[in-house]
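Take a look at the structure below.
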Ligand code: DGJ
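Residue numbers (this note's numbering): 9 to 731.
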């Protein structure tokens, strides 16, 4: 009987050991408040001993006496759960064991420490290196894995997680974000039940759209904005991803993140390194608000191009003209951009193609020369004219794609992803170029490089991507088709990295028919992203709210358009809480609307550092009430901007005071309503309060009129101020 129990325990607890079996080696991955602690067992395996708030006495880590979980579970021997890694060795042996070899820690800069832990199979020259980049001040850990071997022939990789994290709480709540075109980032929360919950994408060119690679995992009980223990995590990968949450029979949870193993067996040659994307996460015991602020601070430093620098306000022509424009019309729009007071005019889709002009989305993609009939004097004349009038000029491209009706397709059918023996499947009448092919990579890089070489003062790019991989066959990869999904993305990153090497500070928006592509794998090459084609301001309240959990506002492009029936004020106030821009017919504005917009841009320019670089506090969620309130506070707590949106009210809806957050209780502040359209909506404007009062008693801010909004500028009042 005893033997039976031991055998049972060995099988089911193969991944879980009791502390007594540990050696003295402890490997801490530390940030300001968090520690992820590994230890080495007497069996030479690596265990995750702890993930959570740091202990005050570091000496107590060695005798914690808690459960230990095998860090990066492999498949084929005693682990009978979902593995982090599964391989078939050169001799066809399908098992892997990983033992601890060594670890190293080095400081990369004042804030970042890199920890690497080397593991090895005792029977094979097969090695796994776990990497952890800990951003101390931001409380964020990036984790990724490198796999290499020196076996006699290639090894096949079937599972290759970026990270495996273990949790041992009483219950787990998963907050996930799903959507579709024009309904991005819808939030859902559910309690995890036993078994595996998988969130993934198989779309090829984009991580999100139906599901997104971001989540909150709350431990023990659901967390809210200011309380609760949780991690906020996201995978930095723009292709197929998988987040797996496996709750076992002992109520322990393993979170396995990485590239989706779906249809992706990878052949790893001897001496080559297979590097997974990073899983980026932060731990907080103070709720989702702190977790978001940690990720935002991290992103401004490490996750975006020029995250600490200003962005350009712009007027885009997509919703005004679609494909229907010419030089004269564009010149009129430059005048509108100047009238509004924005920094840049962004020319969207429809400027290229000659044999097959891009008059609609049927033709021209791939032929990146100006359409002569439409723009007889070319891009350069447009840039010069815009500059003379006083705005910069930016341009739209969709470099990874091709229309079958294009010269590119005629010339290079072998550059296109498609089956040799099946009819082509189209998404928006287009096909995806084979970015696994270095020649195609050169071509795609050349689109930007040629444009920049010919027109050095191009000041902005919008990089679109409107198709998934629906014809999953690469002419270039030949017998290695199962590497397509991974190699496509690696090819894409090679191109983006080359662009950034030559043009390190060029502002670029990542766009994908809406928010289908935002992730920190691509965002490290971009300054901002297009969150959704849906610019109806009511929808945007929810969409932007969802993105704000993981991305800082400076990266979230929010354009004021004619989509939706709300007032211009409401649309402006919603866009102003992110990276504001316009895509609207300025010549259809009344003089009052134009004046309102000009003033709003002035306000935005005065306050954008607080909005872009300040700490975000989400005060009232649109998921909880028929209103939404959020505010940004600068680091010195001397300036804040608050946005309050009343949504579609229902009979009997009443609103309590809004308690502000993030201010200094000892400071005094002047509260002033801005962006006033006709008359003030906030009765208490131009009054002074202590930070203490604003945070404990709060203000009655929200108006009780559906689809109305209030923006407050909150400024520290110094003794000498007489206003
Ligand atoms: C999809 C984008 O989301 C839009 O903003 C616009 O650029 C179109 N593509 C152009 O085809």
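Beta carbons are placed, not taken as given, at the ideal position from N, Cα and C, and that holds for glycine.
Since this is a predicted model, take the numbers as computed values, not measurements.
Practice prompt. Give me the Cβ distance between residue 536 and residue 563, rounded to the nearest whole Å; I'm assuming they're in contact under 8 Å.
Written response: As a working mapping, residue 536 is identified with position 528 in the chain shown. As a working mapping, residue 563 is identified with position 555 in the chain shown. Their Cβ separation, rounded to whole angstroms, is 5 Å, which keeps residue 536 and residue 563 in contact under 8 Å.
Discussion item. Beta-carbon within less than 6 Å of residue 622's beta-carbon, same chain only, minus the 5 sequence neighbours each way: which residues are those?
Written reply: Translated into the one-based positions of the chain shown, residue 622 becomes position 614. Excluding residues within five positions, the ones whose Cβ falls inside 6 Å are 640, 641, 642.
Worksheet entry | Backbone secondary structure at residue 134 - three-state DSSP | One-based indexing of the chain shown puts residue 134 at position 126. Residue 134 falls in the strand class under three-state DSSP.
Item to complete: Identify whether residue 485 lies in helix, strand or coil by the three-state DSSP scheme.
Response: As a position in the chain shown, residue 485 is number 477, starting the count at 1. Reduced to three states, the DSSP call for residue 485 is coil.
Practice prompt. Tell me whether residue 519 counts as near ligand 1, meaning its Cβ is closer than 7 Å to at least one heavy atom of that ligand.
Written response: Within the chain shown, residue 519 is the residue found at index 511, counting from 1. Yes; taking the cut-off as 7 Å, the Cβ of residue 519 has a heavy atom of ligand 1 nearer than that.
Worksheet item: How big is the Cα-Cα spacing for residue 83 and residue 674?
Response: Within the chain shown, residue 83 is the residue found at index 75, counting from 1. Within the chain shown, residue 674 is the residue found at index 666, counting from 1. For residue 83 and residue 674, the distance between alpha carbons rounds to 57 Å.
Discussion item. According to DSSP, is residue 18 part of a helix, a strand, or is it coil?
Written reply: Mapped onto the chain shown, residue 18 falls at position 10. Bear in mind that the predicted position of residue 18 carries a pLDDT of just 36, short of 50, making it too unreliable to give a figure here.
Worksheet item: In the structure shown, what three-state DSSP assignment does residue 399 receive?
Response: For the purposes of this step, residue 399 is taken as the residue at position 391 of the chain shown. The answer is coil: DSSP assigns residue 399 none of H, G, I, E or B.
Fill in: residue 186 (DSSP reduced to helix, strand or coil)
What you label residue 186 is simply residue 178 of the chain shown in a count that begins at 1. Reduced to three states, the DSSP call for residue 186 is strand.
Worksheet item: Can you tell me whether residue 150 is buried or exposed, with buried defined as 16 or more other CB within 10 angstroms of its CB?
Response: Taking the first residue of the chain shown as 1, we reach residue 150 at position 142. Flag for residue 150 reads buried.
Practice prompt. Report the three-state DSSP secondary structure of residue 2 (helix, strand or coil).
Written response: What the structure shows of the chain is the stretch from 9 to 731, and residue 2 is not part of that stretch, so it cannot be assessed.
Worksheet item: Within this structure, are the beta carbons of residue 208 and residue 268 separated by less than 8 Å?
Response: Against the chain shown, residue 208 aligns to sequence position 200. Against the chain shown, residue 268 aligns to sequence position 260. Result yes, Cβ atoms of residue 208 and residue 268 sit closer than 8 Å.
Worksheet item: Where residue 266 and residue 211 are concerned, what is the direct C-alpha to C-alpha distance, given to the nearest angstrom?
Response: Residue mapping note: residue 266 aligns to position 258 of the chain shown, counting from 1. Residue mapping note: residue 211 aligns to position 203 of the chain shown, counting from 1. Residue 266 and residue 211: Cα-Cα distance of roughly 15 Å.
Practice prompt. Rank 380, 683, 651, 260 by C-alpha distance to the C-alpha of residue 602 and give the top, closest one.
Written response: The residue labelled residue 602 in the question sits at position 594 within the chain shown. When only C-alpha atoms are compared, the closest one is 683.
Worksheet item: Roughly how many angstroms separate the alpha carbons of residue 628 and residue 645, rounded to a whole number?
Response: The count along the chain shown starts at 1 and reaches residue 628 at position 620. The count along the chain shown starts at 1 and reaches residue 645 at position 637. Roughly 20 Å between the two C-alpha positions.
Worksheet item: What are the uninterrupted segments assigned as alpha helix (DSSP H) that are 4 or more residues long and contained completely in the region 496 to 541, given in chain order?
Response: 528 to 531
Discussion item. Just to confirm before moving on: does the CB-CB distance between residue 287 and residue 241 stay below 8 Å?
Written reply: Taking the first residue of the chain shown as position 1, residue 287 is located at position 279. Taking the first residue of the chain shown as position 1, residue 241 is located at position 233. Yes, the pair counts as a contact, with Cβ atoms nearer than the cut-off.
Worksheet item: Whose C-beta lies closer than 6 Å to the C-beta of residue 43 among residues of the same chain, with five residues either side of it excluded?
Response: Here residue 43 refers to the residue found at position 35 when the chain shown is read from its first residue. Excluding residues within five positions, the ones whose Cβ falls inside 6 Å are 36, 62.
Practice prompt. Please look up how many angstroms separate the CB atoms of residue 476 and residue 654, rounded, as I've assumed it's under 8 Å.
Written response: For the purposes of this step, residue 476 is taken as residue 468 along the chain shown, with counting starting at 1. For the purposes of this step, residue 654 is taken as residue 646 along the chain shown, with counting starting at 1. Their Cβ separation, rounded to whole angstroms, is 38 Å, which puts residue 476 and residue 654 out of contact at 8 Å.
Worksheet item: Would you call the region 381 to 393 and the region 460 to 469 in contact, with 3 or more CB pairs under 8 Å?
Response: yes
Fill in: Beta-carbon proximity list for residue 519, same chain, < 6 Å, skipping 5 on both sides
Here the question's residue 519 lines up with position 511 in the chain shown. Same-chain partners within the cutoff: 470, 472, 538.
Worksheet entry | Three-pair Cβ contact test at 8 Å for the region 604 to 624 versus the region 579 to 596 | yes
Fill in: Distance cut-off 7 Å: residue 474 Cβ against heavy atoms of ligand 1
To locate residue 474, count along the chain shown from 1; it is residue 466. Residue 474 Cβ: within cutoff of ligand 1.
Worksheet item: Is there contact between the region 538 to 553 and the region 568 to 585, where contact requires at least three CB pairs shorter than 8 Å?
Response: yes
Item to complete: Pick helix, strand or coil for residue 358, following the three-state DSSP scheme.
Response: By one-based count along the chain shown, residue 358 stands at place 350. Correct three-state label for residue 358: coil.
Discussion item. I need the DSSP call for residue 27, collapsed to helix, strand or coil.
Written reply: Counting from 1 along the chain shown, the entry for residue 27 is found at position 19. Any reading at residue 27 must be qualified, since the residue scores a pLDDT of 42, below 50, and its modelled position is unreliable; the value itself is stated next. Three-state DSSP puts residue 27 in a helix.
Discussion item. So if DSSP puts residue 649 in a beta bridge, which residue, or which two residues, is it bridged to?
Written reply: By 1-based counting over the chain shown, the position of residue 649 is 641. Looking at the DSSP assignment, residue 649 forms a beta bridge with 640, 721.
Item to complete: From the DSSP output, read off the bridge partner residues of residue 589.
Response: Working through the chain shown from its first residue, we reach residue 589 at position 581. In DSSP, residue 589 forms a bridge with 567.
Worksheet entry | C-alpha gap between residue 728 and residue 692, whole angstroms | To locate residue 728, count along the chain shown from 1; it is residue 720. To locate residue 692, count along the chain shown from 1; it is residue 684. Computed Cα separation, rounded: 22 Å.
Worksheet entry | DSSP three-state assignment for residue 338, whether helix, strand or coil | By 1-based counting over the chain shown, the position of residue 338 is 330. Residue 338: helix per DSSP, three-state reduction.
Discussion item. Suppose you measure from the CA of residue 230 to the CA of residue 436; what does that come to, to the nearest Å?
Written reply: For the purposes of this step, residue 230 is taken as residue 222 along the chain shown, with counting starting at 1. For the purposes of this step, residue 436 is taken as residue 428 along the chain shown, with counting starting at 1. Using only the alpha carbons, I get a separation of about 40 Å.
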